[in-house]
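A quick write-up on the structure given underneath.
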Amino acid sequence: MPIAVDIDVMLARRKMSVGELADRVGITPANLAVLKNGRAKAVRFATLAALCEVLECQPGDLLRWEAEPARARLDDAASGAERRRRAVAGGP
1 MPIAVDIDVM LARRKMSVGE LADRVGITPA NLAVLKNGRA KAVRFATLAA LCEVLECQPG
61 DLLRWEAEPA RARLDDAASG AERRRRAVAG GP
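This is the structure we're talking about:
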């Protein structure tokens, strides 16, 4: 995914644990770990705002865009085309 999450960087700068941040933000440590490790599909603005408030930072300090390698983009496009072909054909 081209969005990288740098929560661990801000945690280190603030000398704060994942557990403490989760408690202060009001989310579970498991959900914070999903976000921190880049496995989240989405983040609510309210959660992002709470993270920024507790960590005293801007959203851009926590999230950044990284370009995907061209090969990964081509593979994604090819797999999407294959899924569409199967859907139209009615097959698996």
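Heads up: the sequence shown begins at 1 in my numbering, then just goes up one per residue.
Every residue, glycine too, gets a C-beta built ideally from N, C-alpha and C.
The beta carbons of LEU51 and VAL9 sit no closer together than 7 angstroms. No residue range can be given for ARG44, since it is assigned to no beta strand (DSSP E) and is classified by DSSP as neither H nor E.
Under the three-state reduction of DSSP output, ILE3 falls in the strand class. Boundaries of the alpha helix (DSSP H) harbouring GLY19: 18-25, taken from the DSSP string.
CA-to-CA, the gap between ALA33 and LEU48 works out to about 14 angstroms. Taking 7 angstroms as the cut-off, the Cβ atoms of ASP6 and LEU62 count as close.
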